[in-house]
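Undergrad: Residue numbers (full-length UniProt numbering): 1 to 992.
I have a structure here, written as structure tokens, and I will follow up with some questions on it.
Here it is as structure tokens:
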């Protein structure tokens with residue numbers, strides 16, 4: 001058999017017909033693997049739609065007045081092996097120093113069993129947010145473990161499933177305090193001992209929320225500050241410079257004044273420091289980064305938040321709760337889902353619609369791996385090394401600024417006559433590849449961590465000896481330190497137990513841990529199983545080559561506040577990625593700081609607000625432009641973000657076709673012309689159509705003094721064909737975890753950088769510690785804890801764009817539109833397609849109307865989504881943007897076979913609905929109402945249903961070859977919310 005005859009894929013060129021030059025270049029190979037349908041399948045699908053080329057399809061779907069008239073100015077595609085080799089060279093420009101800077105970021109050791117089998121495993125990182133809980137039981141259990149660990153360590157009973165980073169978690173807690181106060185108190189006090197990035201972000205957030213923030217010494221808390229007094233006070237425990245303060249009296253005073261105490265606490269310290277909840281804290285926030293997640297120059301990491309049960313409905317973010325399924329078995333799901341922004345909109349507690357689920361899962365497994373004893377040992381070892389360092393420094397004649405107990409962080413005043421030698425010591429440390437924290441007053445900070453060893457302590461002492469080794473024995477210093485009392489926390493020493501649940505004691509060997517990881521993974525449906533056709537969520541391929549660099553040490557082990565000379569590789573990547581994203585969006589500049597789509601929305605609106613305020617100041621105007629027009633079809637984060645940015649939401653109607661009602665827009669824009677700030681719009685529309693009026697819509701807003709914010713949720717239908725700038729928008733956030741292939745990770749991570757038009761460039765976000773290069777002259781405050789958000793996962797989008805090139809990116813967009821139109825055509829006749837353009841076409845997603853089934857057969861969209869699980873598929877987006885509908889998005893990465901398989905499942909379900917409607921299947925006892933069917937149910941001795949086991953579990957032939965089994969039956973959400981349990985229940989519940 002010849003090589004040519006082995007190649008049966010029609011997308012490949014037979015060697016005998018090939019141009020010899022093409023045989024030397026594999027650059028387009030990645031494009032062929034990223035795009036699911038072969039060339040022959042593309043031709044076949046186009047033919048079924050009446051087109052002969054992808055360009056014809058583009059001309060029929062994308063309005064002519066916004067189509068690109070030029071190719072993307074992005075380099076030609078690069079081959080996988082070739083580009084990874086080039087990226088390794090770029091990564092080599094980063095210098096991996098031992099960072100003792102602290103400030104909420106620490107060195108850590110990711111256990112290899114977790115690194116390889118969770119962080120680097122597509123069975124974990126390609127899952128979507130657990131909206132369909134029956135096929136997400138594995139990650140839900142891991143997140144429940146996370147919540148239990150956080151609740152135990154902080155001493156507060158209710159913990160969330162993670163937030164974005166410590167600084168934004170503190171800001172969320174501030175908003176939560178204001179919400180609990182019900183508008184009666186708008187003052188908030190933050191201790192100056194908090195991390196500087198936290199304080200700066202609080203200032204950013206407080207302004208939009210109308211909160212009167214005051215920053216000062218803890219001893220000077222003024223409970224009368226602000227209208228009605230303080231709603232909350234924030235302290236850092238231990239402080240940013242390492243002091244361990246006793247806040248018990250402050251917490252009691254706060255309680256007497258009706259003020260909540262928020263504590264930003266270091267998790268590892270809480271294994272030996274008393275839990276804040278035991279001495280009066282009402283809310284606890286912080287980062288779980290040092291529990292096994294690399295620094296990644298700032299992210300992504302899971303933040304945490306915990307509080308009392310009575311504040312459950314005020315807690316921002318998501319909570320995993322325990323309920324039961326249709327068989328009475330224990331089952332998990334997201335609790336109190338009415339808190340989700342798509343429901344509460346401008347009344348939401350926050351605009352957070354994501355978390356850092358994958359990172360929380362890693363930290364959760366880290367807790368399971370080490371257990372409480374292992375965590376305590378890590379904390380004590382870190383403390384011993386720190387105290388040994390203190391002993392050595394004192395022998396060298398230096399002074400520790402605080403003479404109280406020590407955990408992992410110290411602040412050093414150099415010896416007499418050496419007060420101006422801080423730079424000399426810092427340079428000596430850098431010569432040993434160590435970064436110190438440098439304070440403005442000439443003192444120096446050192447933070448140690450799990451990765452600290454004797455060599456690091458010896459090198460630090462040499463640096464503080466101005467470059468000369470001391471000859472001190474670290475073990476002897478540690479022994480001396482153990483008896484001098486600096487390790488004794490006195491009344492703040494931890495006496496309460498934590499992590500007592502058996503899950504934290506049952507997986508000590510690697511074999512046990514490995515099996516536990518894979519047991520949970522097997523309970524989750526991911527892209528490793530089948531397509532996830534969630535409209536607006538864009539579950540596209542996260543190619544292995546894109547993921548590989550994330551865990552390279554050169555990217556993973558950089559501190560966000562390390563000197564910029566140590567991250568030249570990151571700088572190279574930032575500049576190229578920013579340029580490419582500017583080209584894609586048609587904008588003048590891009591800020592990479594927002595670390596989630598919702599953060600991007602918020603940042604973009606703040607930039608618009610700052611622009612208007614600056615213009616008013618220049619013009620001497622006093623009127624405030626604070627009205628934000630938002631279509632009623634918009635994603636719920638849009639109005640929530642607008643409220644957070646201090647804007648007033650005015651809804652705009654949509655017409656019968658789902659398009660923006662231009663007349664209503666014009667009326668409301670003119671009515672608010674003197675106070676119009678922005679319009680928020682999604683394009684293609686939330687209904688999955690390229691609206692032909694987009695330029696007119698933007699012009700109306702501009703004519704009335706506003707700016708246009710474009711939600712980037714559907715940017716994957718624009719790349720290479722049009723752009724926000726071409727459409728007339730002024731700012732747009734980009735969901736890199738959608739359009740540009742960062743995985744969803746079970747509900748996070750993500751990145752939401754913003755692109756802006758020239759007039760908005762001066763207002764792009766800054767940062768108090770390390771100013772980003774893109775920060776404008778009139779920069780708004782930071783919106784994320786780190787200057788560049790979550791840089792380590794930017795490598796994913798960088799690799800994707802480089803390997804696709806401009807031509808590949810355009811083709812990906814065209815095939816995404818092709819796949820959606822092909823599926824819509826296959827399903828038309830079985831289901832009504834709710835919205836199309838004038839030619840009957842959709843964009844990259846479409847809406848299936850299921851509203852009539854409830855009347856004809858008693859079948860709801862929940863029944864269809866749960867039944868799809870029996871076919872091995874995740875349900876599409878339900879009831880959004882139209883109640884009673886399903887929104888389907890296939891992405892360009894799915895092959896025609898997979899599209900056909902999904903369509904076949906939907907058509908088969910439609911036939912089942914008809915069988916219920918005509919009485920062939922019982923109205924109550926049918927495969928849809930009883931779905932999903934578990935293996936336990938199907939193999940039970942007694943089968944009482946009026947349909948067969950085959951019909952329940954194997955309704956189509958392909959399931960005999962590969963079957964994904966949901967591990968629980970349909971979950972009772974109401975029961976779970978009425979009996980709210982958000983931590984690991986007793987072990988006997990597991991045994992049942």
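Glycine is no exception: its CB is placed at the ideal position from the N, C-alpha and C atoms.
Note that the coordinates shown come from a computational prediction; the quantities given were computed from them, not determined experimentally.
Should residue 759 be labelled buried (16 or more other beta-carbon atoms within 10 Å of its own) or exposed?
TA: Within the chain shown, numbered from 1, the residue matching residue 759 stands at position 759. Label assigned to residue 759: exposed.
Undergrad: Report back the beta-carbon spacing between residue 481 and residue 384 to the nearest angstrom; my notes put them in contact at under 8 angstroms.
TA: In the chain shown, the residue the question calls residue 481 occupies position 481. In the chain shown, the residue the question calls residue 384 occupies position 384. So it is a contact: roughly 7 angstroms between Cβ atoms.
Undergrad: At least one CB of chain E closer than 7 angstroms to the CB of residue 110: is that the case?
TA: In the structure shown, chain E does not exist; there is a single protein chain.
Undergrad: Nearest-angstrom Cα distance between residue 788 and residue 31?
TA: Position 788 of the chain shown, counted from the start, is the residue given in the question as residue 788. Position 31 of the chain shown, counted from the start, is the residue given in the question as residue 31. Between residue 788 and residue 31, the C-alpha separation is close to 29 angstroms.
Undergrad: Mind pulling the beta strand (DSSP E) runs of 3 or more residues that sit fully within the stretch 233-291?
TA: 260-265 and 283-287
Undergrad: When the Cα atoms are used, what is the spatial distance from residue 627 to residue 653?
TA: Counting from 1 along the chain shown, the entry for residue 627 is found at position 627. Counting from 1 along the chain shown, the entry for residue 653 is found at position 653. Answer to the nearest angstrom: the Cα atoms are 16 angstroms apart.
Undergrad: To the nearest angstrom, how far is it from the Cα of residue 363 to the Cα of residue 503?
TA: If you number the chain shown from 1, residue 363 lands on position 363. If you number the chain shown from 1, residue 503 lands on position 503. Approximately 14 angstroms between the Cα atoms of the pair.
Undergrad: Go to residue 1043, then tell me how far its beta strand (DSSP E) extends in each direction, as first and last residue.
TA: What is shown of the chain runs 1 to 992, which leaves residue 1043 out entirely.
Undergrad: For residue 586, name the three-state secondary structure that DSSP assigns.
TA: Working through the chain shown from its first residue, we reach residue 586 at position 586. Coil.
Undergrad: Go ahead and label residue 623 buried or exposed: buried means 16 or more other beta carbons lie within 10 angstroms of its beta carbon, across all protein chains shown.
TA: On the chain shown, position 623 is the one that residue 623 refers to. Result: exposed.
Undergrad: Would residue 160 and residue 305 qualify as a contact pair, given that the criterion is a beta-carbon distance under 7 angstroms?
TA: Looking up residue 160 in the chain shown gives position 160. Looking up residue 305 in the chain shown gives position 305. Cβ distance < 7 angstroms, so residue 160 and residue 305 count as in contact.
Undergrad: Can you give, in chain order, each stretch of the beta strand (DSSP E) that sits fully within the UniProt domain "Glycine dehydrogenase C-terminal" (812-933) and has at least 3 residues?
TA: 846-849 and 885-888
Undergrad: Under a three-way DSSP split, which group does residue 188 fall into?
TA: Position 188 of the chain shown, counting from 1, holds the residue named residue 188. Of the three classes helix, strand and coil, the one that applies to residue 188 here is strand, per DSSP.
Undergrad: Closest to residue 949 by CA distance: which of 926, 524 and 889 is it?
TA: Locating residue 949 in the chain shown gives position 949, where the first residue counts as 1. If we check each option's Cα against that of residue 949, 926 comes out closest.
Undergrad: Which two residues bound the contiguous alpha helix (DSSP H) that contains residue 639?
TA: For the purposes of this step, residue 639 is taken as residue 639 along the chain shown, with counting starting at 1. 637-644 is the span of the alpha helix (DSSP H), which, as asked, contains residue 639.
Undergrad: Could you work out which residue in 401, 649 and 721 is closest to residue 683 when comparing CA atoms only?
TA: Here the question's residue 683 lines up with position 683 in the chain shown. Among 401, 649 and 721, the Cα nearest to that of residue 683 belongs to 721.
Undergrad: In chain order, what are the residue ranges of uninterrupted alpha helix (DSSP H) at least 4 long that sit wholly in the stretch 541-570?
TA: 544-547 and 553-556
Undergrad: Using alpha carbons as the reference points, say which of 392, 635 and 773 lies closest to residue 476.
TA: Translated into positions along the chain shown, residue 476 becomes position 476. Comparing Cα positions, the closest option is 392.
Undergrad: Between which two residues does the beta strand (DSSP E) carrying residue 306 extend?
TA: Residue 306 sits at position 306 when you count from the first residue of the chain shown. First-last of the beta strand (DSSP E) with residue 306: 303-307.
Undergrad: Hey, is the stretch 822-836 in contact with the stretch 605-612, meaning 3+ C-beta pairs nearer than 8 angstroms?
TA: no
Undergrad: May I have the straight-line CA-CA distance separating residue 106 from residue 980, to the nearest angstrom?
TA: Walking along the chain shown from the start, residue 106 turns up at place 106. Walking along the chain shown from the start, residue 980 turns up at place 980. So the alpha carbons of these two residues sit roughly 34 angstroms apart.
Undergrad: Run the CB neighbour count on residue 937, radius 10 Å, all protein chains shown included, and call it buried at 16 or more, exposed below.
TA: Reading the chain shown from its first residue, position 937 is the one you call residue 937. Flag for residue 937 reads buried.
Undergrad: Considering residue 152, what are the terminal residues of the alpha helix (DSSP H) in which it resides?
TA: Here residue 152 refers to the residue found at position 152 when the chain shown is read from its first residue. Where residue 152 is concerned, the enclosing alpha helix (DSSP H) stretches over 137-154.
Undergrad: Taking the C-alpha atoms as reference points, what is the distance between residue 390 and residue 220?
TA: Taking the first residue of the chain shown as 1, we reach residue 390 at position 390. Taking the first residue of the chain shown as 1, we reach residue 220 at position 220. If you take the alpha carbons of residue 390 and residue 220, they lie about 30 angstroms apart.
Undergrad: Return the chain-ordered list of same chain residues with a C-beta closer than 7 angstroms to the C-beta of residue 764, the five sequence neighbours on each side being excluded.
TA: By 1-based counting over the chain shown, the position of residue 764 is 764. For residue 764, where only same-chain residues beyond five positions count, the Cβ hits under 7 angstroms are 589, 591, 607, 756, 774, 775, 776 and 779.
Undergrad: Quick check on the burial criterion: 16 or more other C-beta atoms within 10 angstroms. Buried or exposed for residue 222?
TA: Within the chain shown, numbered from 1, the residue matching residue 222 stands at position 222. With fewer than 16 other Cβ atoms within 10 Å, it is exposed.
Undergrad: Is the stretch 931-946 touching the stretch 846-860 in the sense that three or more CB pairs, one from each, lie closer than 8 angstroms?
TA: Contact fails: fewer than three Cβ-Cβ distances are below 8 angstroms.
Undergrad: Since I believe residue 426 is in contact with residue 414 (beta carbons under 8 angstroms), could you give me their beta-carbon distance rounded to a whole number of angstroms?
TA: For the purposes of this step, residue 414 is taken as the residue at position 414 of the chain shown. For the purposes of this step, residue 426 is taken as the residue at position 426 of the chain shown. About 11 angstroms separates the two Cβ atoms, so there is no contact after all.
Undergrad: Tell me, which residues are paired with residue 650 by DSSP?
TA: Taking the first residue of the chain shown as position 1, residue 650 is located at position 650. DSSP lists 629 as partners of residue 650.
Undergrad: Output the boundary residues of the beta strand (DSSP E) element that contains residue 334.
TA: Taking the chain shown and counting its residues from 1, one reaches residue 334 at position 334. 330-334 is the span of the beta strand (DSSP E), which, as asked, contains residue 334.
Undergrad: Using 8 angstroms for Cβ pairs, my map puts residue 45 next to residue 822. What's the rounded Cβ distance?
TA: Against the chain shown, residue 45 aligns to sequence position 45. Against the chain shown, residue 822 aligns to sequence position 822. Right, the Cβ-Cβ distance comes to about 4 angstroms (below 8 angstroms), so this counts as a contact.
Undergrad: Per DSSP, which one or two residues make a beta bridge with residue 733?
TA: Within the chain shown, the letter at position 733 stands for residue 733. According to DSSP, which records beta bridges pairwise, residue 733 is partnered with 754.
Undergrad: Can you confirm whether the stretch 518-532 touches the stretch 859-876 when touching is taken to mean that 3 or more C-beta pairs between the two stretches lie within less than 8 angstroms?
TA: The stretch 859-876 vs the stretch 518-532: in contact.
Undergrad: Among 353, 241 and 483, whose alpha-carbon lies nearest the alpha-carbon of residue 597?
TA: Here the question's residue 597 lines up with position 597 in the chain shown. Of the candidates 353, 241 and 483, the one whose C-alpha sits nearest the C-alpha of residue 597 is 353.
Undergrad: Which residue's Cα is closest to the Cα of residue 852: 839, 334, 824 and 883?
TA: As a first step, residue 852 is located in the chain shown; it is residue number 852 there, counting from the start. Checking every option, the nearest Cα to that of residue 852 belongs to 883.
Undergrad: Just to confirm my understanding: we take residue 978, look at its own chain, exclude 5 residues before and 5 after, and list those with CB closer than 6 angstroms. What are they?
TA: Taking the first residue of the chain shown as position 1, residue 978 is located at position 978. There are no such residues.
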